[in-house]
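Participant:
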Amino acid sequence: MSRENNSASAQSNLPETSSPVERQIRIGSGITKNNKKPYTKSFWKRASKQKALLLMSIPFVIWLLVFKYIPIAGWVMAFQDYKPQFGFFEQEWVGWKHFKDLFNEPMFYTALENTLGMGILGLVFGTVSAIVFALLLNELRFLTLKKWTQTISYLPHFVSWVIVANIVITMLSQEGIFNNILVGLGIIDQPINYMAKPEMFWGIVTLSDVWKETGWNAIIYLAAMAGVDPQLYEAAKVDGASRIRQMWHITLPSIRAVIIVLLILNIGNLINIGFEKQMLLGNNIVMEKALVIDLYALDYGIGMFRYSFGTAIGIFKSVISVILILICNSVAKRIGEGRVF
Amino acid sequence: MKRKLSNWALFLIFLLGFFVLAACSDSETGQGDDQSDKKEEPSAEDPITLSFFSADGTEKEFNDPVAQKITEETGIKLELDYPVGGNDEAIPLMIASGDYPDLIFAKGDIGKLIEAGGVIKLDDLIEEKGENLKAMYGDQINRLRNSIEDPSIYTVGTYGVENAYWETSGTFQIQLDVLRELGYPEIKTLEDFEAALTEYYEKYPEIDGQKTIPLSLLGSDWRWLITVGDPAGFAAGLAGDGQWAVDDETGEATYKFLLPELKEYFKWLNGLNAKGLLDPESFTQTYDTYISKLSSGRVLSVADQNWDFADADKALVADGKEWRTYAPLPVTLGEGYKSQSLKNYGFSGGWGIAISSTSEYQEEAFEFLDWMASEEAQILVNWGIEGENYDIVDGKRVMQEDDRERMNNDKDYSKETGVGYYIYPFPQWGNGAVDSTGQPITPNSEEQIIENFNTAEKEVLEEYEMENWIDCFPSTEELGISKHGQAFNYTIPAGSDLQIIQQKADDLTEQRITQAILGDPADFDKAWDDMIAELEAMNISKANEEMTKMVQDTMELWGTNE
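Written out as structure tokens, the structure reads:
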């Protein structure tokens with residue numbers, strides 16, 4: 001990363017950004033105010049200049065179309081009573097029936113609550129733990145130790161949830177290590193059956209998620225921190241700032257844009273938290289806290305041959321995601337921070 | 001800042017591109033392999049490979065000695081496919097993609113395949129060239145039919161025809177050592193059962209240095225139905241109809257958790273839990289933990305089916321802990337109830353193997369299934385290969401000593417040798433059937449079963465002055481033959497009210513009953529009443545009606561309703 005970039009990033013932390021680099025980008029992409037009438041000639045000229053870039057992007061545009069846009073056509077299924085043995089035009093059209101069924105189903109609201117609950121907890125704790133961990137690693141001056149710690153900490157990311165769930169269940173079982181330690185230290189009298197406490201389920205999911213993903217999530221923040229201009233730290237040191245002060249006033253503000261962009265992206269995915277964790281860690285006792293939308297869609301949609309119902313759930317999820325992203329993005333825009341679009 | 005982000009974006013795009021390319025190249029090589037495979041298939045001397053999806057399958061290659069013999073005889077090789085981790089979505093996904101294996105054993109999902117047109121009717125094929133199948137099913141062939149509206153045959157197989165009842169499938173079982181220690185008491189009711197557990201537990205709070213567990217269940221996954229739901233029905237003297245209580249005369253079906261008898265059973269479990277007799281991990285442990293607990297010999301009793309913990313049983317025998325294996329008991333709620341363990345359900349039909357509509361080899365697949373029903377094939381899959389697994393002594397088949405030993409103690413025996421592996425879910429003769437020379441067609445004749453008991457079992461039986469465990473159960477003759485088969489075997493129409501309500505009710509009861517069992521006994525009645533109210537709110541009576549209609553239709557279809 002060049003020095004110019006570094007200083008630009010430092011400057012852009014001020015609320016009103018107008019760094020030279022940024023202005024250059026705006027001019028380059030033709031969205032500056034004095035370039036309002038786009039005419040074809042310059043468009044083609046620019047295109048031919050960038051043809052290598054355009055060619056390189058073609059496979060990905062095709063990929064996006066094939067895997068992300070064409071499947072949207074399948075959404076019509078939600079308004080039919082889809083039966084796979086019939087062709088498209090032979091399907092029975094039922095309008096909003098599946099959506100009505102969905103919104104009249106108490107189980108769906110349980111699932112929604114659990115999904116958002118665990119999603120928000122995961123987002124908050126996941127982000128905070130990753131940033132704190134990255135900050136601590138960043139302060140380590142002993143390089144070998146830093147590298148080792150980083151490698152070890154992101155290894156759990158590559159372990160499948162099936163295995164992690166088994167480890168968690170074993171550790172938290174009545175005769176597991178967790179209870180042994182707590183009872184041994186005299187903190188509790190009787191071993192607690194953690195997996196049988198519905199009120200603890202969200203916490204267990206969040207904690208195991210944090211354990212598994214903190215190291216991995218910290219990588220991106222660490223990389224952003226590596227790009228902070230050392231001069232800033234030197235200047236702060238001269239001014240007598242302690243290491244904690246430096247973290248607070250230099251490191252964190254420098255990576256603010258990265259944090260916000262990642263937050264926006266993650267909030268959009270709040271409702272797409274998957275179901276592996278809940279399915280693998282859950283059991284009959286905690287089901288009312290473990291049922292998430294994807295699990296519901298699986299059991300009551302595809303699992304019961306109700307493709308249309310499953311599709312309706314999918315559409316609902318997409319709509320929520322888009323709304324969440326739009327809200328976050330406009331908030332970020334308003335406070336003048338890095339944004340997705 | 002913008003610039004830095006775009007660097008990140010570039011990096012991500014690069015990464016993504018890398019993965020996409022990697023994925024593409026993978027699938028290309030995959031396709032290449034497929035094509036070369038296909039080219040080889042049609043040639044005459046090479047066997048045809050049929051893909052076979054079994055909902056109860058496990059990972060296995062079709063290459064053991066018995067499989068090789070099957071290929072030799074029929075020119076068919078099977079490619080075994082199975083659902084990963086017991087997932088329910090395998091069949092719906094198959095239908096959604098339209099990509100069917102040649103042979104499908106879909107269990108209860110067969111209705112979806114029929115509706116989707118994924119499987120073919122077998123009536124004509126059976127008529128034309130199903131000699132072996134016709135001989136096997138005889139007048140029971142009506143029980144293979146699909147429904148009143150569509151009385152065609154889509155599947156063959158799964159359950160034995162002409163079963164005799166020489167062993168129970170399980171349910172309440174207690175360790176032999178408990179019986180010995182307490183001087184061989186008579187245990188017929190839950191009360192006796194609990195008393196025996198309490199007494200032994202007080203005497204031996206530890207077994208081999210580990211804490212004794214009086215009763216352990218496995219209620220954390222689908223096996224909840226096997227170790228919690230089913231035993232409740234059996235204790236109340238209900239036959240094995242899954243979640244339903246069916247009146248065999250009128251065909252009246254009730255969702256069984258609505259019955260007061262069932263409440264009584266769960267109240268008993270609730271009491272056990274409060275007294276510390278129920279394994280507190282019963283509803284959270286994984287299957288592996290459960291089996292390893294049982295294998296350690298410190299679990300005094302189970303409420304489980306033999307097939308579900310067969311591995312633990314074999315491990316106990318292999319470790320020389322015969323006294324830690326289990327004896328089946330005809331336990332019920334009280335004197336007025338009869339254990340239905342030896343009930344004869346007749347040939348249940350319903351589930352079976354179907355041939356897909358997209359298969360290139362429908363005729364061959366049918367011929368293969370028909371061959372599997374032949375006497376020759378049945379002897380092969382049941383006994384193995386002559387001279388290797390069994391010998392003929394004085395004109396009779398006798399299992400070789402080491403094979404018999406391994407069959408009882410080694411859980412990998414049938415997987416390795418193939419002996420016994422290809423019986424279920426293919427068309428099969430029951431253990432009561434005899435071949436053309438009058439010998440039993442399966443090795444599980446009553447003498448064999450008795451001979452196969454381990455030393456501890458034999459000693460206990462002697463003390464009770466019985467030959468076989470079934471002697472203390474109400475006999476098959478006494479219980480009569482079921483006119484409607486077993487309700488859990490029925491194929492429930494996809495998307496019907498019955499299907500949706502039952503799924504919701506099952507989810508609810510599994511959760512609420514578990515909570516009630518683990519709760520304070522003072523709260524049990526309220527918890528139960530709340531659950532019943534919730535069940536009624538989801539219109540369970542409608543499901544009862546639809547199920548009743550299904551039972552009655554089945555009885556009409558089978559001609560057992562007069």
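For the protein sequence lines, the chains are A and B, in the order given.
According to the UniProt record's numbering, the stretch in the first sequence is residues 1 to 341, in order.
According to the UniProt record's numbering, the stretch in the second sequence is residues 1 to 562, in order.
Glycine included, C-beta positions come from ideal geometry on N, C-alpha and C.
(1) Output the distance between the C-alpha atoms of Leu55 (chain A) and Ala223 (chain A), rounded to the nearest integer angstrom.
(2) Using a C-beta to C-beta distance shorter than 8 Å, which residues of chain B count as neighbours of Glu288 (chain A)?
(3) Whose C-alpha, out of A:Tyr233, A:Val319, A:Asp294, is nearest the C-alpha of Trp248 (chain A)?
(4) Taking contact to mean at least 3 C-beta pairs separated by less than 8 Å, is the region 293–306 of chain A in contact with the region 221–237 of chain B?
(5) I need the DSSP call for Leu182 (chain B), collapsed to helix, strand or coil.
(6) Is it right to say Val178 (chain B) is buried, meaning 16 or more other beta carbons lie within 10 angstroms of its own, or is it exposed?
(7) Would a check of beta-carbon distances place Ile188 (chain A) closer than 8 Å to chain B?
(8) For Pro151 (chain B), which residues from the same chain have a beta carbon less than 8 Å from its beta carbon, with the 5 sequence-adjacent residues on both sides left out?
(9) Could you tell me which uninterrupted alpha helix (DSSP H) segments, each at least 4 residues in length, are contained entirely in the region 334–421 of chain B, listed from first to last along the chain?
(10) Any Cβ of chain A within less than 8 Å of the Cβ of Pro92 (chain B)?
(11) Go to Trp216 (chain A), then tell me how far its alpha helix (DSSP H) extends in each direction, as first and last residue.
(12) Name, in chain order, the residues that DSSP records as bridge partners for Ser51 (chain B).
(13) Compare the Cα-Cα distances from Gln91 (chain A) to each of A:Gln190, A:Gly74, A:Asp101 and report the closest residue.
(14) Please classify Pro185 (chain B) as buried or exposed, where buried requires at least 16 neighbouring CB atoms within 10 angstroms.
(15) Examine chain B for any beta-carbon lying closer than 8 Å to the beta-carbon of Arg334 (chain A), and answer yes or no.
(16) What residue ranges within the region 491–535 of chain B form continuous beta strand (DSSP E) runs of no fewer than 3 residues, ordered along the chain?
(17) Going by the beta-carbon positions, is the gap between Val460 (chain B) and Leu176 (chain B) smaller than 8 Å?
(18) In terms of residues, what are the limits of the alpha helix (DSSP H) holding Ser57 (chain A)?
(19) When the cut-off is 8 Å and only beta carbons count, does Ala543 (chain B) lie next to chain A?
(20) At a CB-CB cut-off below 8 Å, which residues of chain B make contact with Asn193 (chain A)?
(21) Suppose only complete runs of 3+ residues qualify. What are the beta strand (DSSP E) ranges in the region 287–330 of chain B, listed by chain order?
(22) Quick check: the region 268–279 of chain B against the region 186–201 of chain B, are at least 3 beta-carbon pairs closer than 8 Å?
(23) Would the beta-carbon of Leu300 (chain B) fall within 8 Å of that of Leu215 (chain B)?
(24) Residue range of the beta strand (DSSP E) that Ser216 (chain B) falls in?
(25) Using a Cβ-Cβ distance cut-off of 8 Å, determine whether Arg23 (chain A) contacts chain B.
(26) Would DSSP call Gln80 (chain A) helix, strand or coil?
(27) Determine the closest residue to Glu59 (chain B) out of B:Glu72, B:Leu78, B:Glu73, B:Thr74, with distance taken between C-alpha atoms.
(28) Work out the CA separation of Asn452 (chain B) and Glu264 (chain B) for me, nearest whole Å.
(29) Alpha carbon to alpha carbon, how far is Lys343 (chain B) from Met466 (chain B)? Give it in angstroms, no decimals.
(30) I'd like to know if Gln400 (chain B) contacts chain A, where contact means its C-beta is closer than 8 Å to some C-beta of that chain.
(31) Report the residues of the region 154–173 of chain A with a CB closer than 7 Å to any CB of chain B, ordered along the chain.
(32) Is the beta carbon of Lys83 (chain A) less than 8 Å from the beta carbon of Pro156 (chain A)?
(33) Any idea what DSSP makes of Leu461 (chain B), helix, strand or coil?
(34) Quick one: list the residues of chain A neighbouring Ser220 (chain B), beta-carbon separation under 8 Å, in chain order.
(35) Label Lys68 (chain A) either buried or exposed according to how many other C-beta atoms from any shown protein chain fall within 10 Å of its C-beta, with 16 as the threshold for buried.
(36) I need the DSSP call for Pro106 (chain A), collapsed to helix, strand or coil.
Facilitator: Considering the structure as presented:
(1) So the alpha carbons of these two residues sit roughly 29 Å apart.
(2) Chain B residues near Glu288 (chain A): Gln511.
(3) Sorting A:Tyr233, A:Val319, A:Asp294 by C-alpha distance to the C-alpha of Trp248 (chain A) places A:Tyr233 at the top.
(4) The region 293–306 of chain A, when compared against the region 221–237 of chain B, does not touch it at the 8 Å Cβ threshold.
(5) DSSP places Leu182 (chain B) in coil when its eight states are reduced to three.
(6) In summary, Val178 (chain B) is buried, with 16 or more beta-carbon neighbours lying within 10 Å of its beta-carbon over all protein chains present.
(7) No, because no Cβ of chain B sits closer than 8 Å to the Cβ of Ile188 (chain A).
(8) Here the set comprises Arg145, Leu557.
(9) As far as the region 334–421 of chain B is concerned, its whole alpha helix (DSSP H) runs of at least 4 residues are 362–372, 375–383, 401–409, 413–417.
(10) Yes, contact with chain A.
(11) Per DSSP, Trp216 (chain A) is one residue of the alpha helix (DSSP H) stretching across 198–226.
(12) Assignment of beta-bridge partners to Ser51 (chain B) by DSSP yields B:Glu79.
(13) The candidate whose alpha carbon is nearest that of Gln91 (chain A) is A:Gly74.
(14) Exposed.
(15) With respect to chain B, the C-beta atom of Arg334 (chain A) has no partner C-beta closer than 8 Å.
(16) Listed in chain order, there is nothing to give.
(17) Yes, the pair counts as a contact, with Cβ atoms nearer than the cut-off.
(18) For Ser57 (chain A), the enclosing alpha helix (DSSP H) starts and ends at 51–64.
(19) Chain A contact via Cβ: absent.
(20) Contact annotation for Asn193 (chain A) against chain B: Pro280, Glu281, Thr284 [CB-CB distance below 8 Å, chain order].
(21) Within the region 287–330 of chain B, the runs of beta strand (DSSP E) at least 3 residues long that lie entirely inside it are, in chain order, 299–305, 326–328.
(22) Touching, yes, given that three or more Cβ pairs across the two stretches are closer than 8 Å.
(23) Result yes, Cβ atoms of Leu300 (chain B) and Leu215 (chain B) sit closer than 8 Å.
(24) Membership of Ser216 (chain B) in the beta strand (DSSP E) is indicated by the continuous run 213–216.
(25) Confidence in Arg23 (chain A) is poor, its pLDDT being 42 and thus under 50, which makes the residue's placement unreliable; the coordinate value appears in the next sentence. Chain B, which has no Cβ nearer than 8 Å to the Cβ of Arg23 (chain A), makes this no.
(26) Three-state result, Gln80 (chain A): strand.
(27) For Glu59 (chain B), the closest of B:Glu72, B:Leu78, B:Glu73, B:Thr74 by C-alpha to C-alpha distance is B:Leu78.
(28) Their Cα atoms are separated by approximately 37 Å.
(29) Approximately 20 Å, taken between the alpha carbons.
(30) It does not; no Cβ of chain A falls within 8 Å.
(31) Taking 7 Å as the Cβ-Cβ cut-off against chain B, the residues of the region 154–173 of chain A that qualify are Asn166, Ile169, Ser173.
(32) No, the Cβ-Cβ distance between Lys83 (chain A) and Pro156 (chain A) is not below 8 Å.
(33) Three-state DSSP puts Leu461 (chain B) in a helix.
(34) Residues of chain A whose Cβ lies closer than 8 Å to the Cβ of Ser220 (chain B) are, in chain order, Asn283, Asn284.
(35) Only exposed fits Lys68 (chain A), as fewer than 16 other CB atoms lie within 10 angstroms of its CB.
(36) The three-state reading of DSSP puts Pro106 (chain A) in helix, counting H, G and I together.
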